[in-house]
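Residue numbers (the numbering used here): 39 to 520.
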């Protein structure tokens, strides 16, 4: 038993030729062997040196022999399970299955002005209740739904949001790291008997900071799964070209994979593209630029070839409100990601970049994800669906199909029915108040909050979580950070 997700039933989209794939692969190995990766962690450098890497301790740079890289790639499982609080929500990563999750934001927005503001604790918890209820939210990423809430000290943001996810959903989730907070994240996962991944994030170009590597050691030692991602901005911290930025992103990820496999051979690893073009006018990441999708399709093709579960860059829009721009930006990124054969994709809830998220947007986006999922299921072709006997029976006019058992049996499977889209006729729409999908989504949000009750923790589990949070507060007080 596990979360179903969506299974792609046709060949994935590929845009690289074999020669192009080989050129990028060879260039990546060349960067690892001859340029190297800066790793600001002495224990990691010693581990690499003991496994035939060339290490310059003064510059904290390691160079990786191609043979070691290939060996570590082969140790990575091509598919694996991660445990959620409810076994029916476990994920099985890899293969032709894609899972969708929400795209978090630093803040919420005012629904009247669409201006950003910090969320309250209640809004954060309500946001998780809504995500728990949405059928096409299959997992919860780090910092979900917000990067914190009012009155929460910065060092407690990740532990408190982690606890909020555990309290308000039984879906699987992964988490971030900062200031040793993964210590308490791991403890919460162990107390719940679940799997968790903390991201090992590179700091482009070609660098891993010490806290990312220390988090990786802790995750490996706890028997958890690993997650490696780059984070380059093309033209700023990565080459401006898609091919060049793919090489540096892959080099950073492969270096992380080598480290994780040396820490614990056979470790479960998921990788993610997290690369954006730069907006050359503002200097900010160009969220929703078509380059995001081009880079992601190349990334997906390469990592399917490597046989490692992968995610694509989040479908963050550049728009600031749920408008036409927000819709087409998200739809293009999410659909192309799904067609490329990726395994994880973040979509629901983001309104602008990583800065804002709202449950109303998540509800609208859940319809978008449902449409994509239906497309991935493809077309069933059988004697029953071809319906030759029925066609002969109905014949030409005045024949009709509406009253037939075949229609009653198949229409829900063949079509996708959205929850909040406006699908009324013009007369119905005018009679019922001329509502938009945003208005319907607001109503749906209130309905979910009134009726959906996430599976609560037991009293013992709640005590365990609260004790771990109290230990975290004490830890940071002793460090003078709280």
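Quick reminder that beta carbons are idealized off the backbone N, C-alpha and C, glycines included.
Please classify residue 210: is it buried, with 16 or more other beta-carbons within 10 angstroms of its beta-carbon, or exposed? buried
Would you list the residues sitting across from residue 213 in a DSSP beta bridge? 236
Quick one: Cα of residue 346 to Cα of residue 436, how far? 55 Å
Cutting at 6 Å between CB atoms, please list the residues of its own chain near residue 219, excluding the five before and the five after it. 196, 197
Got a sec, what are the start and stop residues for the beta strand (DSSP E) residue 478 sits in? Careful: residue 478 lies outside any beta strand (DSSP E), inside the alpha helix (DSSP H) at 475-489.
Looking at the unbroken beta strand (DSSP E) that takes in residue 470, where does it start and where does it end? Counting along the chain, residue 470 falls outside any beta strand (DSSP E), and DSSP gives it neither H nor E.
Under a three-way DSSP split, which group does residue 79 fall into? coil
I'd like the list of long-range same chain contacts for residue 74, defined as Cβ closer than 6 Å, with 5 residues on each side in sequence excluded. 99, 100, 101
Could you tell me the distance, in whole angstroms, from the CA atom of residue 199 to the CA atom of residue 45? Those two C-alpha atoms are separated by around 30 Å.
I need the DSSP call for residue 439, collapsed to helix, strand or coil. coil
Just curious, the beta strand (DSSP E) that residue 255 is in, first and last residue? Per DSSP, residue 255 belongs to no beta strand (DSSP E); it is in the alpha helix (DSSP H), 248-259.
So what does DSSP say about residue 126, is it helix, strand or coil? If DSSP states are grouped into helix, strand and coil, residue 126 belongs with the helices.
Note down the Cα distance separating residue 166 from residue 52, rounded to an integer number of angstroms. 35 Å
Return the chain-ordered ranges of every beta strand (DSSP E) run that is complete within the segment 380-448 and spans a minimum of 3 residues. 382-386, 388-390
Segment limits, alpha helix (DSSP H) that includes residue 118: Taken as a continuous stretch (DSSP letters only), residue 118 belongs to no alpha helix (DSSP H), being part of the beta strand (DSSP E) at 118-120.
Backbone secondary structure at residue 274 - three-state DSSP: coil
Just grab the DSSP bridge partners of residue 146 for me. 155
Check whether the segment 128-140 and the segment 382-389 touch, using three or more Cβ-Cβ pairs below 8 Å as the test. yes
On the three-pair Cβ rule with 8 Å, is the segment 390-405 touching the segment 140-157? yes
Look up residue 92 in the DSSP assignment and give the residues it is bridged to. 101
In whole angstroms, give me the CA-to-CA distance for residue 267 and residue 278. 18 Å
Give the range of the alpha helix (DSSP H) segment to which residue 496 is assigned. That residue, residue 496, is in no alpha helix (DSSP H); it is neither H nor E in DSSP.
Own chain, CB closer than 6 Å to residue 306, minus 5 neighbours either side, in chain order: 115, 118, 263
Pick out whichever of 442, 476, 415, 443 has its Cα sitting closest to the Cα of residue 454. For residue 454, the nearest C-alpha among the options comes from 415.
Distance CB(residue 336)-CB(residue 149) smaller than 7 Å: Here residue 336 is not near residue 149, since their CB atoms are 7 Å or more apart.
Grab the span of the alpha helix (DSSP H) containing residue 284 for me, first residue to last. 280-301
Given that a residue counts as buried once 16 or more other Cβ atoms are within 10 Å of its Cβ, and exposed if not, what is residue 374? buried
Quick one: what's got a C-beta closer than 8 Å to residue 47's C-beta in the same chain, skipping five residues either side? 134, 414, 415, 416
Excluding sequence positions up to five away, which residues of its chain have a Cβ less than 8 Å from the Cβ of residue 169? Around residue 169: 140, 175, 178, 182, 183, 207, 209, 386, 387, 397, 400.
So which of 160, 360, 406 has the shortest CA-CA distance to residue 372? The shortest Cα separation from residue 372 among 160, 360, 406 belongs to 406.
Contact set for residue 442: own chain, Cβ-Cβ below 8 Å, skip 5 residues either direction: Answer for residue 442: 428, 432, listed in chain order.
If the criterion is Cβ atoms closer than 7 Å, does the pair residue 257 and residue 506 meet it? no
With C-beta atoms as the reference, is residue 350 less than 7 Å away from residue 334? In this structure, residue 334 lies closer than 7 Å to residue 350 by Cβ.
Can we say the segment 103-111 touches the segment 292-310, given the rule of at least three CB pairs closer than 8 Å? With a cut-off of 8 Å, the segment 292-310 and the segment 103-111 count as touching, because enough Cβ pairs lie within range.
When burial is assigned at 16 or more other CB atoms within 10 Å of the CB, is residue 449 buried or exposed? exposed
How is residue 265 classed by DSSP in three states: helix, strand or coil? strand
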